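S.K.: Here's a structure for you.
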Amino acid sequence: MDPVIIVGAGPVGLTLALALARQDVPSVILDEGPGKDEPRLARTVVLREDTAALMERLTGVALDEVGCHWAGWRSLRRKQVMREVSFDDPAEPAPLHLAQHVLTGLLREALAGERLVKIAADSRLDTVEQEKSGVTAHTRGPKGTWWRGSYLVGCDGPRSTVRKLLDIRFPGRTAVERHAVAALRTELPWEGEALLHRMPPWRTSGPSAGEVSGRPLPDGVWRLDWLLPPGKDLVTPELLVTRVRETLAGWTDGPTPPYDLLDTGVHTVHHRLARRWRVGRVFLAGDAAHLLGALGTQELDEGLRDADNLAWKLALAWHHGPHEALLDSYQAERRGVVAARLRAADQALPLLRGGGGLRAYVPGSARGHDALLADGHLGRGVLGAPGVYADSPLAPRHLEGEVPVDTEPGAPVADVRVTAEDGSFVRLRDRLGRGALLVVLVAPGTGVWDRKHWVTAGVMPRLAAAVAALPHAAELLVAESYPGAAAHSVLLVRPDGHLVTALSGVRPADLYAAAEATVGGPRKADADAEAGAGAGAR
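Heads up: the sequence shown begins at 15 in this note's numbering, then just goes up one per residue.
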């Protein structure tokens with residue numbers, strides 16, 4: 015069968031190729047560039063806990079060796095500390111901050127030894143044709159040629175050629191926010207802590223009073239972002255140096271401390287959402303499908319989740335034949351989550367960026383605004399938390415044995431320690447991304463016994479038989495505990511780490527129905543309705 019064609023060699027395209035390769039699906043990456051990335055310390059990414067785990071799983075590199083986990087977070091308004099967050103508590107995972115070119119380099123290194131992935135540099139797409147059996151793409155340039163693929167995914171950025179060739183509308187708002195950006199090496203009073211400073215006292219009036227954020231990188235480097243007033247005023251080197259000097263002096267409460275200016279830029283945030291993310295065998299992902307990033311939200315974080323969501327569905331279709339309901343669920347799930355994030359940001363923007371007025375004097379309003387901004391920067395709440403696929407077309411309905419746990423159905427699972435089928439102890443997230451469903455039995459006490467003593471005892475034989483009978487490959491794991499789960503609960507987890515359901519004990523019929531729905535088959539309610547209709551007809 016033909017490989018998957020991936021257009022674009024940014025982090026999202028490279029991630030998708032690696033994720034497919036881990037599931038034995040070949041791909042071709044069409045890279046219109048020379049095959050390497052320019053180092054830019056002013057262009058960085060913030061990864062949440064689940065996307066950082068995804069990157070570590072695919073690259074085999076511990077990202078804290080090349081990035082910086084924030085030690086804490088503080089927000090200030092004028093001279094007042096509004097909020098402080100410490101990341102010492104495992105329940106409050108620290109965001110990871112690293113330069114984007116470093117992340118891209120790690121992905122390229124992982125792909126260098128991957129036999130299932132071919133990267134075609136200097137290959138600019140100009141034609142896409144598809145029919146029932148596959149996709150044909152043409153590239154121009156020194157190595158211009160025709161490519162044949164089973165599917166094609168456009169990961170080619172905001173000006174996506176794939177999206178334009180498919181004539182997909184990309185409505186939204188332009189220049190929602192603009193930030194002047196500087197990467198510099200210096201010492202600040204809050205070592206390793208990120209901060210957001212609203213209305214700093216050294217800028218006391220006018221729309222440029224704004225806000226400035228500081229986020230640490232390894233080796234004493236910081237990225238500083240200054241919110242710019244609306245408009246297209248030119249950010250001159252002189253203006254940027256003035257901002258750097260006054261900000262550092264203000265934060266250190268004295269003369270400007272020594273610093274080395276390493277890189278600068280202007281970051282413009284747009285909010286756009288493609289009308290469709292799938293047309294036949296062609297899909298959109300990352301910046302080609304959506305643009306967001308106001309109020310501290312992270313665009314690349316969402317793009318990586320696109321790749322993780324799409325990879326296992328393409329892999330299943332590639333190995334077992336097209337499954338329209340499963341492939342359609344990519345747009346339903348991911349577009350729904352991003353659309354909700356955009357709506358939340360658009361609703362908060364007038365409140366947070368609308369200027370003074372009476373709202374600035376309402377008691378508690380400043381803290382409410384700070385809480386919204388913290389959600390975006392820290393990956394919490396409606397602005398920043400990982401998306402939940404509660405209304406997914408893949409969600410099973412009306413399972414008799416379903417019970418609640420601390421993770422709601424459709425949300426990413428907690429990363430607990432589990433025992434694998436070979437008896438080894440691993441993290442639950444280490445077993446993701448292999449294309450198999452995960453079935454997790456919560457069995458307190460098993461961690462202190464050798465696997466051979468309990469694998470044939472209690473409910474295990476019956477559960478193992480139920481797992482073997484599922485309509486899709488599944489791996490059986492055992493956990494000492496899971497947040498909010500009673501003993502002998504059984505959790506079904508998708509290959510991308512989202513919880514399908516939690517069941518009270520071993521219920522083969524419910525487990526089968528949930529697994530069948532997860533891979534796009536008939537859901538239990540639908541099957542019951544069809545059975546009832548058939549009985550009535552007889």
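No residue lacks a Cβ here, since even glycine has one placed at the ideal position from N, Cα and C. Nothing here was measured: the structure is a model prediction, and the numbers come from that model.
(1) What residues match up with Trp265 in a beta bridge as DSSP calls it?
(2) In whole angstroms, what is the alpha-carbon distance linking His24 and Cys169?
(3) Under a Cβ-count criterion, where at least 16 other Cβ atoms within 10 Å of its own Cβ denotes burial, should Glu438 be classed as buried or exposed?
(4) Taking Gly350 as part of the alpha helix (DSSP H), name the residues at either end of that continuous run.
(5) According to DSSP, which residues form a beta bridge with Gly228?
(6) Assign Asp38 to one of three DSSP states: helix, strand, or coil.
(7) What is the C-beta distance between His211 and Asp239, in whole angstroms, given that I count them as a contact (C-beta under 8 Å)?
(8) For the alpha helix (DSSP H) containing Met590, name the first residue and the last one.
(9) Tell whether a beta-carbon distance below 8 Å holds between Pro410 and Ala501.
(10) Does the pairing of the segment 400 to 419 with the segment 34 to 41 give three or more beta-carbon distances under 8 Å?
(11) Nearest to Ala35 by alpha carbon, out of Ala325, Ala457, His334, Arg445?
(12) Beta-carbon separation of Leu340 and Val59 under 8 Å?
(13) Within a Cβ cutoff of 7 Å, which residues of the same chain sit near Tyr344, ignoring the five residues on either side of it in sequence?
(14) Is the Cβ-Cβ distance between Pro230 and Cys82 less than 8 Å?
(15) Spatial neighbours of Pro251 within its chain, please: CB distance less than 8 Å, with the 5 preceding and 5 following residues excluded, ordered by chain position.
(16) What three-state label does DSSP hand Arg217 in the structure shown?
(17) At 4 residues or longer, what runs of the alpha helix (DSSP H) sit wholly inside the segment 455 to 536?
(18) Three or more C-beta pairs under 8 Å: does that hold for the segment 188 to 197 against the segment 59 to 79?
(19) Would you kindly check if the distance between the Cβ of Leu90 and the Cβ of Leu198 is under 8 Å?
(20) Could you give the distance in angstroms between the alpha-carbon of Thr153 and the alpha-carbon of Glu143?
(21) Tell me which residue opens and which closes the alpha helix (DSSP H) that Thr118 is part of.
(22) In chain order, what are the residue ranges of uninterrupted beta strand (DSSP E) at least 3 long that sit wholly in the segment 283 to 342?
(23) With 16 as the cutoff for other CB atoms within 10 Å, does Thr159 come out buried or exposed?
(24) Distance check for Leu276 and Val249, CA to CA, integer angstroms please.
(25) Considering only residues of the same chain and omitting the five flanking positions on each side of Gly317, which have a CB-CB separation below 6 Å?
(26) For the beta strand (DSSP E) that Thr175 lies in, which residues bound it at each end?
(27) What do you get for Gly228, buried or exposed, if any count of 16 or more other CB atoms within 10 angstroms of its CB means buried?
(28) Could you tell me the distance, in whole angstroms, from the CA atom of Ala483 to the CA atom of Gly401?
(29) What number of angstroms, rounded off, separates the C-alpha of Leu125 from the C-alpha of Gly447?
(30) Per DSSP, what kind of secondary structure is Ala404 in: helix, strand or coil?
(31) Does at least one heavy atom of the ligand FMN sit under 7 Å from the Cβ of Leu112?
(32) Does DSSP put Asp420 in a helix, a strand or coil?
(33) I believe Ala148 touches Arg295 by the beta-carbon criterion, under 8 Å. Please report the beta-carbon distance rounded to the nearest angstrom.
(34) Taking the CB atoms as reference points, tell me whether Leu490 and Leu506 lie closer together than 8 Å.
(35) Could you check what DSSP says for Arg138 in three-state terms: helix, strand or coil?
(36) Are at least three pairs of beta-carbons, each pair with one atom in the segment 419 to 435 and one in the segment 380 to 390, less than 8 Å apart?
M.R.: Here's the rundown:
(1) Partner(s): none; Trp265 has no beta bridge.
(2) For clarity, residue 24 is Gly in the given sequence; the question names His instead. So the alpha carbons of these two residues sit roughly 7 Å apart.
(3) The sequence given here places Ser at residue 438; Glu does not occur at that position. It is exposed - the Cβ of Ser438 has fewer than 16 other Cβ atoms within 10 Å.
(4) Its alpha helix (DSSP H) spans residues 350 to 367.
(5) Leu209, Leu238.
(6) Looking at Asp38 - three-state DSSP - the assignment turns out to be coil, as it is neither helix nor strand.
(7) With a Cβ gap of about 11 Å, His211 and Asp239 do not count as contacting.
(8) The question about residue 590 has no answer, for the chain in this structure spans 15 to 552.
(9) Taking 8 Å as the Cβ cut-off, Pro410 and Ala501 do not qualify as a contacting pair.
(10) Verdict: no, contact absent.
(11) Closest by alpha carbon: Ala325.
(12) Here Leu340 is not near Val59, since their CB atoms are 8 Å or more apart.
(13) Answer for Tyr344: Trp291, Arg292, Phe297, Asn323, Leu324, Lys327, listed in chain order.
(14) Closer than 8 Å, so yes.
(15) Apart from the 5 residues on each side of it in sequence, Pro251 sits with its Cβ closer than 8 Å to the Cβ of Thr278 in its chain, given in chain order.
(16) Correct three-state label for Arg217: coil.
(17) Secondary structure remark: continuous alpha helix (DSSP H) runs of at least 4 residues inside the segment 455 to 536, in chain order: 465 to 468, 474 to 482, 522 to 532.
(18) Taking a cut-off of 8 Å on C-beta distances, the segment 188 to 197 does not touch the segment 59 to 79, as fewer than three cross pairs fall below it.
(19) Not in contact: Leu198 and Leu90 (Cβ atoms no closer than 8 Å).
(20) Thr153 and Glu143: Cα-Cα distance of roughly 12 Å.
(21) 114 to 126 is the span of the alpha helix (DSSP H), which, as asked, contains Thr118.
(22) As far as the segment 283 to 342 is concerned, its whole beta strand (DSSP E) runs of at least 3 residues are 296 to 298.
(23) Under this definition Thr159 is an exposed residue.
(24) Roughly 17 Å separates the two Cα atoms.
(25) So the qualifying residues of the chain are Val26, Gly300.
(26) Element bounds for Thr175: not the beta strand (DSSP E) but the alpha helix (DSSP H), 175 to 179.
(27) Gly228 is buried by the Cβ-count criterion.
(28) Those two C-alpha atoms are separated by around 30 Å.
(29) Taking the straight line joining both Cα atoms gives about 16 Å.
(30) Three-state DSSP puts Ala404 in coil, outside helix and strand.
(31) Summarising the ligand content, the structure contains no ligands, and the ligand FMN is consequently not present.
(32) In the three-state reduction of the DSSP assignment, Asp420 falls in the coil class, being assigned neither a helical nor a strand state.
(33) First, the residue type needs correcting, since residue 148 is Gly and not Ala in the sequence shown. That pair is a contact at about 7 Å.
(34) No, the Cβ-Cβ distance between Leu490 and Leu506 is not below 8 Å.
(35) In the three-state reduction of the DSSP assignment, Arg138 falls in the strand class, which pools E and B.
(36) Between the segment 419 to 435 and the segment 380 to 390, the count of C-beta pairs closer than 8 Å stays below three; the two stretches do not touch.
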